[in-house]
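These notes are about the structure you will find just below.
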Amino acid sequence: MQMILYLSVALIAIAFLVLVIYISKTLTYLQETMTNVSKTLSGLEKQLEGVTSETTTLLQKTNALADDIQQKSESLNSVVDAVKDVGETVTKFNGTLQNITHTFDRQVEKNKEKISQIMQWSDILLEIKDKWKERKQAKKEISQDVQRVRSR
335 MQMILYLSVA LIAIAFLVLV IYISKTLTYL QETMTNVSKT LSGLEKQLEG
385 VTSETTTLLQ KTNALADDIQ QKSESLNSVV DAVKDVGETV TKFNGTLQNI
435 THTFDRQVEK NKEKISQIMQ WSDILLEIKD KWKERKQAKK EISQDVQRVR
485 SR
């Protein structure tokens with residue numbers, strides 16, 4: 335019976351030894367895995383620092399661009415207001431010209447008869463002027479002819 339007890343203890347010791355060996359191997363693999371994870375995290379940390387610095391630079395450039403766009407937008411607003419004022423002025427001027435044109439048309443229609451008479455009188459005056467010039471020219475020519483005849 336003692337023998338069985340010694341064999342049982344030996345078997346337990348062997349089983350415990352096998353268990354310790356497997357646990358030791360598992361812990362060794364776990365240590366290697368943790369070392370690889372640590373290296374990977376270290377590399378990721380460096381990459382994250384690079385990305386962070388690039389993101390900071392990009393954010394600064396974006397803010398500068400937003401400020402520039404804001405300034406240009408404000409400048410453009412003043413130009414748009416000026417163009418709007420010019421448009422309103424042109425519209426008012428156009429309305430004034432239309433009023434003047436309508437008034438002129440009404441006055442012409444109202445005074446059509448008088449205008450017609452003025453046109454007739456001006457035609458008569460032009461004819462009289464032309465005839466007066468012709469007579470003056472004819473008198474001048476006669477006078478020159480008379481002087482030529484006298485001087486001969």
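Our numbering applies: residue 335 is where the sequence shown begins, and numbers increase by one.
Ideal placement from N, C-alpha and C gives every residue a C-beta, glycine not left out.
Alpha-carbon to alpha-carbon, residue j and residue i
i: A400; j: S387; result: 20 Å
i: K359; j: F350; result: 14 Å
i: R469; j: L460; result: 14 Å
i: E383; j: K373; result: 15 Å
i: L410; j: L378; result: 46 Å
i: T425; j: L431; result: 10 Å
i: A398; j: L392; result: 10 Å
i: H436; j: K444; result: 12 Å
i: K463; j: S477; result: 21 Å
i: K418; j: G429; result: 17 Å
i: L339; j: T369; result: 44 Å
i: L345; j: V371; result: 38 Å
i: V343; j: V352; result: 14 Å
i: D415; j: Q394; result: 32 Å
i: V413; j: D439; result: 38 Å
i: I357; j: L364; result: 10 Å
Cβ-Cβ separation, residue j to residue i (assumed contact under 8 Å), whole Å
i: V442; j: I449; result: 7 Å
Three-state class that DSSP yields for residue i in the structure shown
i: M335; result: coil
i: N370; result: helix
i: N428; result: helix
i: N445; result: coil
Heavy atom of the ligand SAM within 8 Å of residue i beta-carbon
i: T423; result: The ligand SAM is absent from the structure shown, which contains no ligands of any kind.
Contact set for residue i: own chain, Cβ-Cβ below 7 Å, skip 5 residues either direction
i: S376; result: none
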